[in-house]
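Counting in my numbering, the sequence shown tops out at residue 1584, every number present.
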Amino acid sequence: MADNLGYEFEKVELDDNDDVDREVIRVLNEGFAPNKVVDKVDLSGRQLRFLPEAFGKLRGLVVLNLSHNQLEVIPDSIAGLQKLEELNVSSNLLGTLPDSIGLLVNLKVLNVSGNQLKELPESIAGCRSLIELDAGFNNLMFLPTNIGYGLVSLQKLSIHLNKIRALPISICEMKSLRNLDAHFNELHGLPLGIGRLTNLEVLNVSRNFSDLMELPETVGDLINLRELDLSNNQLRVLPETIYQLQNLQKLNLDQNPFIIPPPEIISQGVETIKEYMMKRRLEILQAEHQRSLDEENEETQTGWMAWGASMLNKVYSGRTTSGYLGGGNVTKDPLFDQQL
1245 MADNLGYEFE KVELDDNDDV DREVIRVLNE GFAPNKVVDK VDLSGRQLRF
1295 LPEAFGKLRG LVVLNLSHNQ LEVIPDSIAG LQKLEELNVS SNLLGTLPDS
1345 IGLLVNLKVL NVSGNQLKEL PESIAGCRSL IELDAGFNNL MFLPTNIGYG
1395 LVSLQKLSIH LNKIRALPIS ICEMKSLRNL DAHFNELHGL PLGIGRLTNL
1445 EVLNVSRNFS DLMELPETVG DLINLRELDL SNNQLRVLPE TIYQLQNLQK
1495 LNLDQNPFII PPPEIISQGV ETIKEYMMKR RLEILQAEHQ RSLDEENEET
1545 QTGWMAWGAS MLNKVYSGRT TSGYLGGGNV TKDPLFDQQL
């Protein structure tokens, strides 16, 4: 059956006289040959317009490079590549990815950058072995809501040059994530739970321009962060907790209308910025502590005044009642005499 399949493809090749198709057929014939296992295929830059369904039968395939072609569709049969670890379909004309891609449970590296994708399938969360995902330079407006719950092994996520306005809350569950590149999007902010990404070393949210105006205080919980790029946004205030980033070595705040910290502090570098923010944080904590003490004192004074008023009411009430009932002498309260 394999020989017949190869023959049919080869016949089409000979009729069309297309060298690109010849290479595809050669790969398939080699893959279907008896006692032959093809584990790596590179068909990059060959102007391919389609990928035969038969590719899904190359069971031993580990690496597949289809980048820089003219593919508009990836066949559903790709789910048959159960041993596949690396898939590169970057720089094609893909408008969608097949839902079956989520069945590639051994996939470690997926590059879909430079296409025309408007969304990623929810099923991509099934690629639980994925370590690197590059979906940059597409037309994405959002990420799958469940993406973080499935891609728990992901270490590098590149979603730059898209139109994403918000990151899903589930992204905060990517506890293995070390590098997050989301520059050149339309982000309005970061999830409050971003601080749970304690293994994150590089965070780039630059060039979100007029959309990004503030960051959550939880950014200070990214204890392993080494590089932070916030340039070309509309940030006015840096989170005070930034001083907690002891491993931070590179901090780019260029092209922002910062008030805190002021420009003269920013120009002196990351260590000066952290010192300034720590001092500011201490001053705020001291002010809050003093405010709390003042409120406690005020409550204490109010309590004494209320107690005194209550005692006076009881005394007056006792005298009035005795008078109406025709009772005898009223016992005098020494505190009342003192007050008088």
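Yeah, the Cβ is synthetic: ideal placement off N, Cα and C, and Gly gets one too.
Legend entry - Euclidean distance between Cα positions of Phe1234 and Ile1408: Since the displayed the chain opens at 1245 and closes at 1584, residue 1234 lies outside it and no answer follows.
Legend entry - Test item: CB-CB of Ile1438 and Pro1412 under 8 Å: Note that the C-beta distance between Ile1438 and Pro1412 is not below 8 Å.
Inset, instruction - Using three-state DSSP, classify Leu1401 as helix, strand or coil. - result: strand
Inset, instruction - Please report the residue range of the alpha helix (DSSP H) in which Glu1330 lies. - result: Note, Glu1330: premise wrong, no alpha helix (DSSP H); beta strand (DSSP E) at Glu1330 to Asn1332.
Inset, instruction - Would you verify that the beta carbon of Glu1532 is, or is not, closer than 8 Å to some beta carbon of chain C? - result: No chain C is present in this structure, which holds just one protein chain.
Inset, instruction - Output the distance between the C-alpha atoms of Leu1456 and Pro1501, rounded to the nearest integer angstrom. - result: Just so you know, the alpha carbons of Leu1456 and Pro1501 end up roughly 12 Å apart.
Inset, instruction - Below 6 Å CB to CB, which residues in the same chain sit around Glu1417 once its five sequence neighbours on both sides are set aside? - result: Gly1392 and Tyr1393
Inset, instruction - Please name the residue or residues paired with Asp1286 in a DSSP beta bridge. - result: Asn1309
Inset, instruction - Measure the alpha-carbon distance for Gly1324 versus Leu1308 and round it to whole angstroms. - result: Approximately 13 Å between the Cα atoms of the pair.
Legend entry - Opening and closing residue of the beta strand (DSSP E) in which Glu1508 lies: Here Glu1508 belongs to no beta strand (DSSP E); instead the alpha helix (DSSP H) covers Pro1507 to Ile1510.
Legend entry - Where the beta strand (DSSP E) through Val1446 begins and ends: Val1446 to Asn1448 is the extent of the beta strand (DSSP E) around Val1446.
Legend entry - Where Asn1273 falls: helix, strand or coil (DSSP): helix
Legend entry - Same chain, Cβ closer than 6 Å to Asn1355, neighbours up to 5 away in sequence not counted: Asn1332, Ser1334 and Asp1378
Legend entry - Residues that DSSP places opposite Glu1471 in a beta bridge: Val1446 and Lys1494
Inset, instruction - Return the CA-CA distance between Leu1374 and Lys1327, expressed in angstroms with no decimal places. - result: 13 Å
Inset, instruction - Indicate whether Val1306 and Asp1283 have their beta-carbon atoms separated by less than 8 Å. - result: Yes. Within cutoff.
Inset, instruction - Can you tell me the Cβ-Cβ gap for Gln1499 and Ser1475, rounded? I've got them flagged as a contact below 8 Å. - result: Confirmed, Cβ separation roughly 5 Å.
Legend entry - Burial state of His1427 (16 or more Cβ within 10 Å): buried
Inset, instruction - List the whole-angstrom C-beta distance separating Leu1338 from Glu1316, where the pair is believed to meet the contact cut-off of C-beta under 8 Å. - result: 6 Å
Legend entry - Extent of the continuous alpha helix (DSSP H) to which Tyr1393 belongs: Ile1391 to Gly1394
Inset, instruction - Per DSSP, which residues does Asn1355 bridge with? Please list them. - result: Asn1332 and Asp1378
Legend entry - Close-in-space but distant-in-sequence residues of the same chain around Leu1347 (CB under 7 Å, 5 per side omitted): Ala1323 and Gly1370
Inset, instruction - Would you identify the three-state DSSP class for Leu1529, choosing helix, strand or coil? - result: helix
Inset, instruction - Leaving out five residues on either side along the sequence, give the residues of the same chain with a beta carbon under 6 Å from the beta carbon of Asn1336. - result: Asn1313, Leu1315 and Asn1359
Inset, instruction - Going by DSSP, name the residue or residues bridged to Asn1423. - result: Per DSSP, Lys1400 and Val1446.
Legend entry - Span separating the alpha-carbon of Glu1527 from that of Asn1382: 45 Å
Inset, instruction - Apply the 10 Å Cβ neighbour rule to Lys1523 and answer buried if 16 or more other Cβ atoms are within range, or exposed otherwise. - result: exposed
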